[in-house]
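By the count of the numbering used here, the sequence shown reaches residue 250 at its end, each step adding exactly one.
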Amino acid sequence: MELRSNRIKRKLAAGDLAYVVAGLTDPDDIDAFGPNGFDGVWLEGEHGAADAANLGNLTRACDLWGMTPVVRVNKNDQALIYRTLDRGAQAIVVPHVNTADEARNVVAGGKFPPIGQRGMFIGRQGYGVPDYLNRANDETMLIVLIEDIVAHENLDAILQVDHIDVFFVAPSDFAASMGHVGNLTHPAVQEKIDDTLQRIVAAGRTAGTLTNSGNVARYVDAGVRLLMVAVGPWLAAAAADYKQHAESAR
């Protein structure tokens with residue numbers, strides 16, 4: 001058995017865009033979405049149902065299509081991070097990383113020695129893979145969420161932490177931390193988000209953020225390379241369009 005390549009990590013290393021879809025919650029839905037050519041699936045373990053019990057089947061569905069299983073955990077806990085990797089994740093998303101020390105904790109939990117201190121165990125991505133413990137770090141991605149104004153204030157130090165693959169700006173929590181709950185388009189919020197992304201790119205690190213069809217071109221132009229999109233707005237737009245066509249024919 002060969003160690004599975006991390007498709008997102010390879011594309012980002014080549015300077016390409018990486019496309020990640022969120023909102024798929026069942027292995028059959030992941031399988032059905034597979035032919036669309038996306039690079040990864042965001043499996044929601046902070047606000048959704050992805051957990052140790054169902055990650056095996058969810059990540060297997062991703063593997064069938066060569067898509068990277070990207071799992072958001074619900075806290076910056078080393079044991080939780082490496083257990084999630086053991087269950088089949090190839091990329092970990094950690095929320096509310098606000099200091100360099102917190103970023104270093106992500107690395108400690110997400111990488112085997114000598115880089116980190118991930119527990120020495122061969123999970124499902126390593127079954128039958130020779131020398132997995134010495135090779136797994138090459139295919140493991142670590143993504144930290146920059147989603148609080150305090151992270152913006154500490155950003156220069158956070159960006160100095162090695163082995164973080166993507167610094168992902170999460171707009172909703174960012175806005176809330178500035179006192180603008182639900183108002184992502186507030187000028188002050190947008191100014192801080194844009195400044196954060198610019199500083200990530202200027203530091204030579206990889207930026208990611210939540211996008212949609214209306215703003216994705218702007219973010220790509222700003223240097224964002226990891227592009228996450230949720231299926232919910234797509235479904236809503238297609239449903240509204242379908243009904244409009246039907247009603248217009250009456």
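Yeah, the Cβ is synthetic: ideal placement off N, Cα and C, and Gly gets one too.
Just how far apart, CA to CA, sit residue i and residue j?
| i | j | result |
| --- | --- | --- |
| Gln78 | Val220 | 32 angstroms |
| Asp86 | Ala136 | 11 angstroms |
| Leu148 | Ser213 | The amino acid occupying residue 148 in the given sequence is Asp; Leu does not appear at that position. So the alpha carbons of these two residues sit roughly 25 angstroms apart. |
| Asp138 | Ala238 | 39 angstroms |
| Asn267 | Ala249 | The displayed coordinates of the chain run from 1 to 250. Any statement about residue 267 would go beyond what the structure contains. |
| His134 | Ile115 | Residue identity check: residue 134 is Asn in the sequence provided, not His. Their Cα atoms are separated by approximately 11 angstroms. |
| Arg124 | Met1 | 12 angstroms |
Going by DSSP, name the residue or residues bridged to residue i.
| i | result |
| --- | --- |
| Gly208 | Phe168 and Leu226 |
| Met120 | Its beta-bridge partners do not exist; DSSP assigns none. |
| Arg72 | Glu44 and Val93 |
| Leu145 | Phe168 |
Flag this pair as yes or no: are the beta carbons of residue i and residue j separated by less than 9 angstroms?
| i | j | result |
| --- | --- | --- |
| Gly110 | Arg118 | yes |
| Ala50 | Glu44 | yes |
| Thr140 | Ile92 | yes |
| Gly40 | Met67 | yes |
| Val231 | Ala22 | yes |
| His186 | Ala170 | no |
| Thr206 | Leu64 | no |
State the CB to CB distance for the pair residue i and residue j, rounded to an integer number of angstroms; the pair is presumed to be in contact (CB under 8 angstroms).
| i | j | result |
| --- | --- | --- |
| Val166 | Gly204 | Not a contact, Cβ separation roughly 13 angstroms. |
| Leu197 | Val229 | Leu197 to Val229, Cβ: 17 angstroms. No contact. |
Identify the continuous beta strand (DSSP E) that holds residue i and give its terminal residues.
| i | result |
| --- | --- |
| Val93 | Ala91 to Val94 |
List the endpoints of the continuous alpha helix (DSSP H) containing residue i.
| i | result |
| --- | --- |
| Thr59 | Leu55 to Leu64 |
| Ala50 | First-last for Ala50: undefined, no H or E at that position. |
| Ile8 | Arg7 to Ala13 |
At a cut-off of 8 angstroms, would you count residue i as near the ligand ZN, judging by its Cβ distance to the nearest heavy atom?
| i | result |
| --- | --- |
| Leu210 | Judged by which ligands are present, the structure shown has none, so any question about the ligand ZN falls away. |
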